[in-house]
Amino acid sequence: MYELTINGKKHKLDVDGTMPLLWVLRDVVGLTGTKFGCGKSLCGACTVHLDGTPVRSCIAPISSVAGKSITTIEGLSPNGDHPVQKAWLEENVPQCGYCQAGQIMSAAALLEQNKNPSDSDIDLAMSGNMCRCGTYYRIRKAIKRAAELGRGGTR
Amino acid sequence: MTRPDFEEVLSVLYPDPDGGDRGVASTTEAMDRRTFLRISSVAGGGLLIAVSLPGCKSGQGDDKTAGNKDKNDKNTPTPVESEPLPTEPFEANAFVEIKPDNSATITVAKSEMGQGVRTTLAMIIAEELDLDWSKVVPQTAPTNPKKYGRQTTGGSASVRTGWKPLREAGARARAMLVAAAAQKLQVDAKSLKTDNGHVIHADSGRKLTYGSLTEIAAEQSVPETVVLKDAKEFKLLGKEHIGIDAADIVQGKATYGIDIRMPNMLFASIERTPVFGGKVKSFKADAAFTVAGVKKVVEVPATGPMANVHSGVAVIAETTWAAMQGRAKLDIQWDQGPHAKESSAGYRTAMERFVGGKGKELVNRLGNPDKVLAKAKGVVRARYDVPFIAHSTMEPMNCTAEVKGDRCLIRGPIQTPDLAPGPVGKALGIPPENVEVQISLLGGGFGRRLNLDYVVEAALVAKHVDVPVQVVWTREDDMTHDFYRPMAMHAIEASLDKDGYPEAWRHRMTTPAIRATIDPNAKDHGVSESNGASDMLYRVPNRSCEYTYLPSGVTRGWWRAVHTTHTTFAVESFIDELAEKAGKDPYEYRMHLIDELTVDRPKPNKEFPWDPARLKGVLKLAAEKAGWGKTMPKGRAMGIACGIDHLSYAAVVIELSTASGKPLIHRVVCAADCGPVLNPNGGRAQLEGGLVQGLSAALKEKITIVGGRVQQNNFDSYSILRINEAPTVIETHFANTDAHPTGLGEPSVPPTAPALANAIYRATGKRPRSLPIDLAIL
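Chains A and B are the protein sequences, given in the same order. So the first sequence is numbered by our numbering: it starts at 728 and just counts up by one. So the second sequence is numbered by our numbering: it starts at 981 and just counts up by one.
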């Protein structure tokens, strides 16, 4: 039995300790917003926040995150109005959208640490998140826009 | 004049009972076919508008309205020709439901995979209907081939085929709402106008919502003629819109195939033959059952073409993870099959031999290039080659199936839902009409999900249990069992006249043809495989294209833009080489040579003749916007390339410099002509995505075969472009011609690789002729 907090709610989970957090979220808890992409921490689609830090949930065994607090895309903001989510809509970033939960979680974590990221800060924080539709150009713009929104800026 | 290749594919996928050619002819005929429309009231007071889109059924249409096409294409307010109500059973595949609260749901039977089809098609109908866009909600259609007909999404065809019928349907429904308001207000319909979901009587200042008119509107007869809006009157089309699903996506609420959840469902993971064409000889499953949650282990039989399900063993369990863990404990003995000795190196040797001599198929010929080349001095010769590449959609293949008795429900991320019942029914031994298919959002498609292997496979697993089963492919499964963009090799030879322009051009190419994967008996592969080469628009008085088919056990498929991903690389690199030899500017050289297609491929498409002026138009626009010809510091240069793909035109200019052995891309400029741009924001996104995917293929992607199996298996061994490698400046421009609208999902891909290679050559003097570009040559 593992206890952890997911999006502010406490969960007691009776699962194999080796089961990665990703599959616990998707198949046991029923939160499918976090996506499976590679299973090897190579693509970033499964990114969630673990006590505020972005982690790849596909390689994090549930036993290693017991007692911790997890935030998924479903819990990033109460009404989908996190500055990153707002900026993502303003820039119309998503195409197929499958990787975007991971992109948004990585971007939100970046902006938490760095209110005004440079291009190379963005490269560093986001290069672990792949997008096959090729939305990188808009992701970069949206992160800068989210930074503005986070600082109270308007367009 | 060349018909789009995808239509050829469809003609294979949709067997024609008459044995005739149902390629583009039937689709374009269908486009001129009269719109079928039914309007009825629904329980709760709403109004349901049902539209029968073309391509749903064969044999419905005729050519009577063909004369209207040109007029309508120019968006002039043209009365649509009168038509009788349908006499055949009505089969709608697009619906608009206007509700009493004035909200509207729009259901279009197309698969959304990031190309924006749900947004664009809804915009077309909402435009003519004057709906309140803020209250439009998209819905995914259930799939039933009998009811909905052809729903396959691909070949950049959705806008092209939906444009006219959706506009007509919207205009007719609008006219009925106006008639209803006229009846209610006791005024002449001509005194009424519509806006944002309302009918307005300006004289009296009265305003009625559509939602309040639904019952009376349903009683009106469908008008025989309607007037379509002039493009100047458009309120939605041509304006900036974000994706209709974007708000759900950014909140993690969008449902992809892998997110489908059903009561009591189980999950499965399949160990498939690692060698193409291999088969399970025997297996031991005891160890798999030691994993908690594993329920059942079943063998999955190979189906052969067309579905191409691989032989394998499936572990069915309570969670995806348990299924994967159980699968890892399987002990399987494999029969390696007939392809176990095939390799990329072996293919390459054969390909070099093929292009070194006369091709087996002569695709087309003009004049006598052999004779001219034999006599010419200073023949320019070059070879280009590309490897197999994978689609690598971010959502790995998956499908959910439930088999109950002689019925099957399929739910998943599918590009060809209407094609699924046939092969699923065949695999299960049940009638196709007993197979229901529901599509989810697709986490990327790029052509991968046109093949139905993963759908049929899910049904073959689900038949062993009495609950729904979701088969989830790992990334390794997805990468090693894709339908790859084929390897290709091109050898081109040309001689120049005294002015430096090509006098003769002989193009010899070879591929393991895509079509042979689904139809091993198909012949004449050269016709479709040479799309982009045999039908290029450069004026050469003596030219030929020869093709040789390379057999291979590797499954091949349609990868975004398909054949032009390699033919355009070869042609656009070679034309640059000729310009270089002639001492001319590569942009001017192209502009001078682009001309009418003087020698066609067989089976031409007469509905969408290629227009050299449009190709020149995008080339000029891209060159102008990029500042082609400006002086640049040493080591910095631009490369240019253009092409036609899926009936749309595009040109790309890439500006780069090389530092520490790597190309540093400063700027990518793309110009495209797809006719009117219906949603510029979504259109730009498609071009941007195509440029990035094109760069990824040009710089990084390569699948290699050894021992009949794929060597790469995840994003560590097969890398795709990441944000730190992607261009930070991308500029996209539209020609906005008044041609019939065509797609934007694919045309920016083909010119990208040659523009990059040409830029590298101009910056370094070293010409890449092989993809992915070997950076060691820099």
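The beta-carbon is built from N, C-alpha and C at its ideal position, and this holds for glycine as well.
Q.
Given a cut-off of 7 Å on the beta-carbon distance, is the pair Ala1287 of chain B and Val1277 of chain B in contact?
A. no
Q) Hey, which unbroken runs of the alpha helix (DSSP H) at 4 residues or more fall wholly within the region 1294-1345 of chain B? A) Correct list: 1300-1308, 1324-1335.
Q: Assign Asp1225 of chain B to buried or exposed, taking buried as 16 or more other Cβ atoms, counted over all protein chains shown, within 10 Å of its Cβ.
A: A residue is called buried when at least 16 other Cβ atoms come within 10 angstroms of its Cβ; Asp1225 of chain B meets this threshold and is buried.
Q: Leaving aside the five residues before and after Arg1307 of chain B along the sequence, list all residues of the same chain whose C-beta is less than 6 Å from its C-beta, in chain order.
A: So the qualifying residues of the chain are Ser1249, Glu1251, Val1295.
Q | Where Ser854 of chain A meets chain E, residues with beta-carbon distance less than 9 Å | A | In the displayed structure, chain E is absent; the protein chains listed are A and B.
(Q) Just verifying my parser: in three-state terms, what is the DSSP assignment at Ser1475 of chain B? (A) strand
Q | Touching by the beta-carbon criterion (3+ pairs, under 8 Å), the region 1314-1321 of chain B and the region 1252-1266 of chain B | A | yes
**Q.** 7 Å Cβ cutoff, Asp850 of chain A in contact with chain B
**A.** Yes, Asp850 of chain A counts as interfacial toward chain B.
Q) Do Glu1557 of chain B and Ala1678 of chain B have their C-beta atoms within less than 7 Å of each other? A) no
Q. Below 7 Å between beta carbons: does that hold for Gly1506 of chain B and Tyr1527 of chain B?
A. yes
Q. Name the chain B residues whose beta carbon is nearer than 8 Å to that of Pro821 of chain A?
A. Gly1094, Gly1223, Asp1225, Ala1226, Ile1229, Val1230
Q) Just curious, the alpha helix (DSSP H) that Asn1348 of chain B is in, first and last residue? A) No alpha helix (DSSP H) holds Asn1348 of chain B; DSSP gives it neither H nor E.
(Q) So with CB distances below 7 Å, who are the chain A contacts of Ala1234 of chain B? (A) Gly824
Q | Min CB distance Gly1424 of chain B to chain A below 7 Å | A | yes
Q) In terms of alpha-carbon separation, which member of A:Glu818, A:Met857, A:Thr761 lies closest to Val1672 of chain B? A) Distances from the CA of Val1672 of chain B to each of A:Glu818, A:Met857, A:Thr761 were compared; the closest alpha carbon is that of A:Met857.
Q | chain B contact residues for Ala787 of chain A, given Cβ-Cβ distances below 8 Å | A | Neighbours of Ala787 of chain A on chain B: none; closest Cβ ~12 Å, over 8 Å.
Q) Can you name the residues of chain A whose CB is closer than 8 Å to the CB of Thr1300 of chain B? A) At a beta-carbon threshold of 8 Å, the residues of chain A lying near Thr1300 of chain B are Trp750, Arg753, Asp754, Phe763, ordered along the chain.
**Q.** Contact set for Val820 of chain A: own chain, Cβ-Cβ below 7 Å, skip 5 residues either direction
**A.** Residues of the same chain with a CB within less than 7 Å of the CB of Val820 of chain A, apart from the 5 flanking positions on each side, are Gln827, Thr862, Arg865, Ile866, Ala869 in chain order.
Q) In chain A, what lies closer than 8 Å to Leu1671 of chain B by C-beta? A) What Leu1671 of chain B touches in chain A, judged by beta-carbon distance under 8 Å, is Gly861, going in chain order.
Q.
To the nearest angstrom, how far is the alpha carbon of Trp1301 of chain B from that of Val1686 of chain B?
A. 30 Å
(Q) Would you say Glu1375 of chain B lies against chain A (beta-carbon separation less than 7 Å)? (A) Yes, Glu1375 of chain B lies at the interface with chain A (some Cβ there is under 7 Å from its Cβ).
Q) With a Cβ-Cβ cutoff of 7 Å, do Leu1109 of chain B and Val1088 of chain B count as a contact? A) no
Q.
Any beta carbon of chain B sitting closer than 7 Å to that of Lys736 of chain A?
A. For Lys736 of chain A, no CB of chain B lies under 7 Å from its own CB, so it is not counted at the interface with that chain.
Q | Residues bridged to Met853 of chain A [DSSP beta-bridge criterion] | A | Looking at the DSSP output, Met853 of chain A shares a beta bridge with no other residue.
Q: Could you round the C-beta distance between Asn1522 of chain B and Ala1484 of chain B to whole angstroms and report it? I think they count as a contact, below 8 Å.
A: The Cβ separation is near 4 Å, so the contact holds.
Q) When we look at the beta-carbon of Val1022 of chain B and count the other beta-carbons within 10 Å, is it buried (16 or more) or exposed? A) exposed
(Q) Please report the straight-line C-alpha distance between Thr1708 of chain B and Arg1345 of chain B, rounded to a whole angstrom. (A) 43 Å
Q. Are the C-beta of Glu1061 of chain B and some C-beta of chain A separated by less than 7 Å?
A. In this prediction, Glu1061 of chain B has a pLDDT of 37, which is less than 50 and means its spatial position is unreliable; nothing more can be read from the coordinates.
Q: Say whether chain A places a C-beta atom closer than 7 Å to the C-beta of Glu1668 of chain B.
A: yes
**Q.** Residues of the region 1454-1466 of chain B whose Cβ lies closer than 7 Å to any Cβ of chain A, in chain order
**A.** Thr1454, Arg1455
Q) Looking only at C-alpha atoms, which of B:Pro1243, B:Ser1372, B:Ile1312, B:Pro1500 sits nearest to Ala1381 of chain B? A) B:Pro1243
Q: Tell whether a beta-carbon distance below 7 Å holds between Glu1509 of chain B and Ala1493 of chain B.
A: yes
Q.
Just to confirm the assignment, what range does the beta strand (DSSP E) spanning Ala1665 of chain B have?
A. Per DSSP, Ala1665 of chain B is not a residue of any beta strand (DSSP E); the alpha helix (DSSP H) it occupies stretches across 1660-1679.
Q) If we count the other Cβ atoms within 10 Å of its Cβ and call it buried at 16 or more, is Asn1738 of chain B buried or exposed? A) buried
Q | Bridge-paired residues (DSSP) for Thr1491 of chain B | A | Answer is B:Tyr1529.
(Q) Can you list, in chain order, the residues of its chain with a C-beta nearer than 6 Å to that of Pro1118 of chain B? Leave out the 5 residues immediately preceding and following it. (A) Ile1086, Arg1098, Ala1102, Ile1224
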